[in-house]
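Chains as they are written, first to last, in my numbering: chain V, 1 to 852; chain Z, 853 to 1246.
Here's the structure, in structure tokens; my notes come after.
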Amino acid sequence: MNNILFRSSRHFFLRHPWQLGLAVTGIALAVAVVVSVDLVNQSARYSFERSTETIVGRATHRIVGGPAGLDERLYTRMRVDHGVRDIAPVIEAHVTLEKNEKRETLTLLGLDPFAERTFREYAWFNNLQNPEGEGVFIPMLTERNTVLLDAVTANRLGIGRDDEAVLVTGGRSIPVRIAGVLADSTPGSSQSPDSLLLADIATAQEVLGMPGRINRIDAVLGDGDSRAKSTLEALLPDGAALLPSTTRTRSLKQMTGAFHTNLTALSLLALLVGMYLIYNTMTFMVMQRRPLLGRLRALGATRWQLGAIIAMEALLVGLAASIAGLLLGVALAHGLLQVVNRTINEVYDLLTDSSLTLSNLSLLKGALLGIAGTLLAAIPAALEATRVTPRQALIRSHLERSARRLVLPTSLAGVVALGAGITVIQLSSPSIELGFSGIFIIILGITLLIPLVTVVLMACLKPLLGAGFGISGRYACQSVTASLSRTTAAIAALMIAIATVIGIGLMVNNFRLSVDRWLQQTLRAEMYVSLPSTGTTASAHALDAGFADAILALPQVKAVSSVRRINIESSRGRTELAAYGLNETAWKGFQFKQGEADEIRPAFEQEDTVIVSEPYAWRHGLKQDDVLELRTDNGYRSFRVLGVYKDYGSDQGVVSLSRRTYERHWRDDRYSGFGIYTLPGTDMEELRSQVQQLAPGRDLWLQDRNKILQTSLEVFDNTFVVTDILRVLAAIIAFIGVFSALMALQLERSQEHALLRAMGFLPGQVRRLIMSETGLLGLVAGLLAVPVGCIITALLILVINRRSFGWTMELHFSADIVLQGIALGLAAALLAGIYPAWKISRAEPAEALREE
Amino acid sequence: MGDCHRTNWLSCRFVIAVLLLVLVLPGCGEESAGRSSEPISVSNVLRGDAAQAFARVEEPREFIFPADHGPHDEYRTEWWYFTGNIDDGEGQRFGYQLTFFRFRPKADETGSASRWRTAHFYMAHFALTDINNEKIHTFERFSRGAAGLAGASTGALHVWLDDWSAGTTSTETFPLRIRAREDRIALDLNLQQGKAVVLHGDDGVSVKNSEPGNASYYYSYTRMPTEGRVSVGDRIYTVQGNSWMDREWSSSALGKEQLGWDWFALQLSNDHELMYYRFRRADNAPDRFSYGAVVLPDKRVHTLGFDQVELDVLDTWVSPGSGVIYPSAWRLRVPEYELDISIRPALADQELDLSFRYWEGAVEFDGTFGASNVGGRGYVELTGYGTDSAPRTR
């Protein structure tokens, strides 16, 4: 018996190769998306851990200073006068290295190789050797502009030992010599460093133009070593703090946490689409053979035997698809990683290396998902097919009748799920993960409503189509309802896919519009000038007040506003601080969510107050009149929050204060950038060259307002490239799923169509019938997808974006994106009808009927 | 005659060996890889005239103190070498060594806005021999001679690396304070001037070999009454005894045939001191650059040529750690003074297995000086053992 069963199974698949192929492809794609996103997220995390290991080493604590870092004499005092041994001075900055047209942003680590034994063993002077064992320590310490490069980066940039390259930092280009390449395997480290430029601390000071200063002092303090800790703390000058190293790793992870969560969620959305597809395909493959299974039952096959055969089929399909999916997923991950890294570098100013970490766990997860998902999806169909009596199985109407009986209970479950989803969202703030769960439950609820909506819609459309297309129209409507068991899953899969495409598209569009409007409102000056820098290390690169005066002295300049951006580290992590020297026009650039611009201005200028950006307020639970503690150069000080303003510039949030307040608390007379306000009719090109001449030898970053608007939106678009890729992938999966389901649906009914032909239907009428049926399915899915897509958009904006970043934005409706979504659904549906329609109209009715 | 001073070779050995040979010179990576287990061959230590760009020791100079206690940056290598025997008066005996080396690998120096930029590097060794507990504690440190982390003052005898230091902050050289602490071992001693400064060789110029300019400036304080504290773990001992200081700087290098040296700094109970070093040659022939000096109670100094001292090794000791065989008992005779003593280590295991491996430790001796008996304590340094040309077990 088993033999017959196997053969019947094999025979079925051999006769329907496209169905098998499409099923495998669809499942494989879903697995691929999930696996690739998981791999990318894992790789990014490993990359952070690796760079943390390379840069932080075994330091348990670090001593950080204010915007200008620390006085290097603090280190000498600790070491020589107080005999503190396990400390090391560190200068860390992001710089660009150029060689042969290739350029890369690297972490420049300026260290004292004598102090590194306890921290970064690879940088301990005794270990500083080329792979051949040649020491590079003396030239590195005694020669100017001499650096070491890690092997991975050297390989990538095609740089070898003794090569010359150009180091770009703070608008200056400095020729450097690569004295050596760090060995691949570094002592005391499990990972080889990447994107690392190692230099002696003297070189780092020279290159970065910060003689006398260091960024931080790393320290190793034993757990119980409170004496060493208090020794260090007693020596700290005002404005310096001893922090545990973990805060650095933690804030790195926090920075990109929301980003990675959102990626994961998008991949799960793709998976959701994939699961519907798997369910649909598996159900279909079983349903299609219902009569055959009935006959086998009649011949004596037991339920268990049939169940086992179906399970085995599902297992084989799942296995094949998972293998293909894993391979595809790894390939996809390579591509995605580049895109994700670019985003992380651009948006978060973090260096991540580009090597993909193939985590077994990710792969296992993907494989399990493919196999178990397929198996699970086959269960309902297998149960149904094996539970019914052999006679019932031969009659399709039995199945459809039971399906129709289920419409009301299913709808009820759908309503319950909707309620549950909304409740989850309401109760789960601020969890991003639970927010997504709520959205998924809502989507599930909506899909459960699909049978009801389909029945109702068809009932409404029937007279309409009947009037338009006569009997074919009415027949099409009727048959959609009649084969509810199959059509519902197809519509659901299609609907979810279209809704996802619409939802994400609308969300990004809304976001972009909000950012655009915000930029228009915020950018008040005609031109902006700063030093090109890589964000977090901006403190090292700065302009002085004399430069502002020189700009102001230019005849066509009306006014100059200033900003100083610094990062202050405290036990709570990193806070970006912006100190503004604003004029009336610039002040109007702030859009307050809390606080009245005119009312708070005097206090902002005069008192110890700050305004915080929306994300900062969200992350730290701050509102107007709350008090914020900041680590100033005089220790911790309290600042009153005057208001919360809109800002899409940083998802970590910014604390802004007036230049005057800043100078009261921080000993820093430098500036990060200036806004230039010009007289009407100013030639921007001329102004640009005049300003550039004020800073000879430095390559200034000079942009007029329009250019900034443009580049900002480019960065924005780059950020959402990943989102778009995932959106397209979800659409492709849906397309394949729907295409295969609908086509199978029609092919399965070829006898019915033949009967119609025999009854006198013309080939054209049957073709029309088929096309209207699939078209109707597409239409129903498309129509449903519009409100669902809007709901997804609203949820993404109101729940996910807010929880991830604290941003609020207006909701806009974009007809293009909605129409694109509907078109996608209709196209898939109509395309799926073409082949069956063509086939049936060519077939001899008698031949087709004989197969019965 | 009277050329080579052990400290010069020390400098060559330690500083050049560690910093230059191991780390800088191409093709020596294999040796560096086995740094702690494979000793560096003396015969491979930098030789010849690699020092042409540095100042050379060619003629006597007028020593001016305290200025000459400070660094002589134009020379390649320089060191401040303190050793001593101390005890707590109740039978607890210690030997100590605290040494600072300055090394300049390259003659050219670039100016910089950074205080960290330098051409000078410092290494320091600190050893405490706990004779009663039969244990030697050894430590080493490295640093750049910049940013205040390590260096030597120009106006007073003051040399330091991190919080290890020797010297004084006043223009008066004595009393000198010696301080070193690492792990739970600490030394804090005050040194008084016992005898005047001794200029070795020809008015302080100690010629190394026939190569012109291969010489060093070399002076010593051979007896400095010492008192202070020694900490070993939780125990603190109040100690007194005698210390010895060697100062030397040069830009020259070791001769090809010299494998290593045995150096003796002996403080005799009759207020004499004897300094003697001899080179061991590959061909076992006596090295005519070996040199010695006797400091009389009236502070007069008599130099001793290589043929005026007879030294016989009576016994050997095998280091359980490195397997290297070191001499461990000697008979030393200076016929001219009717001096005949036998010398034994206060503790057999005083090997310093640091970046560079050698034996340096407290010794005691007794014998006769003319008609009378004489005893005393001192320090001996043995280098170049355990290299390919010298025997070693294991």
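Note that CB positions come from ideal geometry on N, CA and C, so glycine has one too.
Remember, predicted model here, so these are calculated numbers, not experimental data.
Original post:
Helix, strand or coil: how does DSSP classify Z:Phe991 here?
Top reply: As a working note, residue 991 of chain Z is residue 139 in the second sequence. DSSP places Z:Phe991 in strand when its eight states are reduced to three.
Original post:
Cβ atoms of V:Ile732 and V:Ala321: under 9 Å apart, would you say?
Top reply: Within the first sequence, numbered from 1, the residue matching residue 321 of chain V stands at position 321. Within the first sequence, numbered from 1, the residue matching residue 732 of chain V stands at position 732. No, the Cβ-Cβ distance between V:Ala321 and V:Ile732 is not below 9 Å.
Original post:
Going along chain V in order, which residues have a C-beta closer than 7 Å to the C-beta of Z:Leu1118?
Top reply: Stepping through the second sequence from its first residue, residue 1118 of chain Z is reached at position 266. By Cβ distance, chain V contributes nothing, its closest Cβ being about 34 Å from Z:Leu1118, past 7 Å.
Subject >> Proximal chain V residues relative to Z:Phe994, where beta-carbon distance stays under 7 Å >> reply: Your numbering for residue 994 of chain Z matches position 142 in the second sequence. The contacting residues are Phe114, Phe125.
Original post:
Quick one: is Z:Ala998 near chain V, going by C-beta distance under 9 Å?
Top reply: One-based indexing of the second sequence puts residue 998 of chain Z at position 146. Yes - at least one Cβ of chain V is within 9 Å of the one on Z:Ala998.
Subject >> Nearest-angstrom Cβ-Cβ length linking V:Thr107 and V:Glu92, presumed shorter than 8 Å >> reply: Working through the first sequence from its first residue, we reach residue 107 of chain V at position 107. Working through the first sequence from its first residue, we reach residue 92 of chain V at position 92. Contact flag correct, Cβ pair sits at about 6 Å.
Original post:
Which residues in the same chain have their Cβ closer than 6 Å to the Cβ of V:Pro763, if we skip the five residues on either side of it in sequence?
Top reply: Within the first sequence, numbered from 1, the residue matching residue 763 of chain V stands at position 763. Ser841, listed in sequence order.
Original post:
Do you know whose CA, among V:Val455, V:Ile708, V:Val766, lies nearest V:Leu777's CA?
Top reply: Taking the first residue of the first sequence as position 1, residue 777 of chain V is located at position 777. Here the closest residue by C-alpha is V:Val455.
Original post:
Given that V:Leu543 touches chain Z, what residues does it touch there, using C-beta distances under 7 Å?
Top reply: Within the first sequence, residue 543 of chain V is the residue found at index 543, counting from 1. Residues of chain Z passing the Cβ test: none, with the nearest at roughly 19 Å.
Original post:
Z:Glu914 to Z:Asp1055, Cα distance in whole Å?
Top reply: Locating residue 914 of chain Z in the second sequence gives position 62, where the first residue counts as 1. Locating residue 1055 of chain Z in the second sequence gives position 203, where the first residue counts as 1. Distance between the alpha carbons of Z:Glu914 and Z:Asp1055 is about 9 Å.
**OP:** Check the Cβ of Z:Leu1041 against every Cβ in chain V and list those closer than 7 Å, keeping chain order.
**Re:** As a working mapping, residue 1041 of chain Z is identified with position 189 in the second sequence. Those within 7 Å of Z:Leu1041 in chain V number zero; the least Cβ separation is about 17 Å.
Original post:
Between V:Asn125 and V:Pro113, is the Cβ-Cβ spacing less than 9 Å?
Top reply: The residue labelled residue 125 of chain V in the question sits at position 125 within the first sequence. The residue labelled residue 113 of chain V in the question sits at position 113 within the first sequence. The sequence shown places Phe at residue 125 of chain V, not Asn. Against a cut-off of 9 Å, the Cβ pair of V:Pro113 and V:Phe125 comes out as a contact.
Original post:
Are the C-beta atoms of V:Gly188 and some chain Z residue less than 9 Å apart?
Top reply: Start at 1 with the first residue of the first sequence, and residue 188 of chain V comes out as number 188. For V:Gly188, the pLDDT reaches just 49, beneath the cut-off of 50, and the residue's location in the model is therefore unreliable, although a value from the coordinates is still provided. So, not an interface residue.
Original post:
Are the C-beta atoms of V:Leu20 and some chain Z residue less than 9 Å apart?
Top reply: Along the first sequence, one-based indexing puts residue 20 of chain V at 20. No, its Cβ sits nowhere closer than 9 Å to a Cβ of chain Z.
Original post:
Looking at C-beta atoms only, is the number of pairs between the region 958–972 of chain Z and the region 985–994 of chain Z that lie closer than 8 Å three or more?
Top reply: no
Subject >> Beta-carbon gap between V:Val31 and V:Gly274 smaller than 9 Å >> reply: As a working note, residue 31 of chain V is residue 31 in the first sequence. As a working note, residue 274 of chain V is residue 274 in the first sequence. Cβ atoms of V:Val31 and V:Gly274: closer than 9 Å.
Original post:
Nearest CA to the CA of V:Leu700: which residue from V:Arg757, V:Leu577, V:Gln690, V:Val529?
Top reply: Counted from its first residue, the first sequence places residue 700 of chain V at position 700. Measuring from the Cα of V:Leu700, the nearest candidate turns out to be V:Val529.
Original post:
Just how far apart, CA to CA, sit Z:Phe1221 and Z:His1010?
Top reply: Here the question's residue 1221 of chain Z lines up with position 369 in the second sequence. Here the question's residue 1010 of chain Z lines up with position 158 in the second sequence. Distance between the alpha carbons of Z:Phe1221 and Z:His1010 is about 37 Å.
Original post:
Counting only beta-carbon atoms, is Z:Val1165 nearer than 9 Å to chain V?
Top reply: By 1-based counting over the second sequence, the position of residue 1165 of chain Z is 313. Not closer than 9 Å to any Cβ of chain V, the Cβ of Z:Val1165 fails to qualify, so no.
Original post:
For V:Gly83, which residues in chain Z fall below 8 Å Cβ to Cβ?
Top reply: Against the first sequence, residue 83 of chain V aligns to sequence position 83. The answer, in chain order, is Asp1014, Asp1015, Arg1033.
**OP:** Compare the Cα-Cα distances from Z:Phe952 to each of Z:Asn937, Z:Val1146, Z:Gly1003, Z:Glu911 and report the closest residue.
**Re:** Start at 1 with the first residue of the second sequence, and residue 952 of chain Z comes out as number 100. Residue Z:Gly1003 is the option with its Cα nearest to Z:Phe952.
Subject >> For V:Leu434 and V:Ala413, the rounded distance between their alpha carbons >> reply: Here residue 413 of chain V corresponds to residue number 413 of the first sequence, with the count starting at 1. Here residue 434 of chain V corresponds to residue number 434 of the first sequence, with the count starting at 1. Those two C-alpha atoms are separated by around 21 Å.
Original post:
Curious, which full-length alpha helix (DSSP H) runs of at least 4 residues does the region 203–260 of chain V contain?
Top reply: 226–235
Subject >> Proximity of V:Tyr677 and V:Asp668 at Cβ, strictly below 9 Å >> reply: Numbered from its first residue, the first sequence carries residue 677 of chain V at position 677. Numbered from its first residue, the first sequence carries residue 668 of chain V at position 668. Not closer than 9 Å, so no.
Original post:
What in chain V is Cβ-close to Z:Leu1001, meaning under 7 Å?
Top reply: Here residue 1001 of chain Z is taken as the residue at index 149 of the second sequence, counted from 1. Near Z:Leu1001 (Cβ distances below 7 Å), the residues of chain V are Thr76, Arg79, Val80.
Subject >> Cα-Cα separation, Z:Gly922 to V:Arg564 >> reply: Locating residue 922 of chain Z in the second sequence gives position 70, where the first residue counts as 1. Locating residue 564 of chain V in the first sequence gives position 564, where the first residue counts as 1. One C-alpha to the other measures close to 47 Å.
Original post:
Is the distance from the Cβ of V:Leu910 to the Cβ of V:Leu97 below 9 Å?
Top reply: Since the first and last residues shown for chain V are 1 and 852, residue 910 of chain V lies out of range.
Original post:
How far does the alpha helix (DSSP H) with V:Lys839 in it reach, from first residue to last?
Top reply: For the purposes of this step, residue 839 of chain V is taken as residue 839 along the first sequence, with counting starting at 1. Where V:Lys839 is concerned, the enclosing alpha helix (DSSP H) stretches over 815–842.
Original post:
Would you say Z:Thr1006 faces chain V, with C-beta separation under 9 Å as the test?
Top reply: Reading the second sequence from its first residue, position 154 is the one you call residue 1006 of chain Z. Not closer than 9 Å to any Cβ of chain V, the Cβ of Z:Thr1006 fails to qualify, so no.
Original post:
What does DSSP give as the partner residues of Z:Ser1068 in its beta bridges?
Top reply: For the purposes of this step, residue 1068 of chain Z is identified with residue 216 of the second sequence, where counting begins at 1. According to DSSP, Z:Ser1068 bridges with Z:Ser1058, Z:Ser1102.
Original post:
What did DSSP end up calling Z:Asp960 once you bin it into helix, strand or coil?
Top reply: Indexing the second sequence from 1 puts residue 960 of chain Z at position 108. Here Z:Asp960 sits in coil by DSSP.
Subject >> Segment contact, 8 Å Cβ cut-off, at least three pairs: the region 796–810 of chain V with the region 764–772 of chain V >> reply: no
Original post:
Excluding the five sequence neighbours on either side, which residues of its own chain have a C-beta within less than 8 Å of the C-beta of V:Gly160, listed in chain order?
Top reply: Translated into positions along the first sequence, residue 160 of chain V becomes position 160. Hits under 8 Å: Ala154, Ile178, Val181.
Subject >> DSSP bridge partner residues for Z:Asn1094 (one or two, in chain order) >> reply: The residue given as residue 1094 of chain Z occupies position 242 in the second sequence. Z:Asn937, Z:Pro1077.
Subject >> 7 Å Cβ shell around V:Leu448 - same chain, five flanking residues per side excluded >> reply: Here residue 448 of chain V refers to the residue found at position 448 of the first sequence. Taken in chain order, the residues that qualify are Thr410, Ser411, Ala413, Gly414, Ala417.
**OP:** Output yes if chain Z places a C-beta closer than 9 Å to the C-beta of V:Thr203; else output no.
**Re:** Working through the first sequence from its first residue, we reach residue 203 of chain V at position 203. Output row for V:Thr203: interface = yes.
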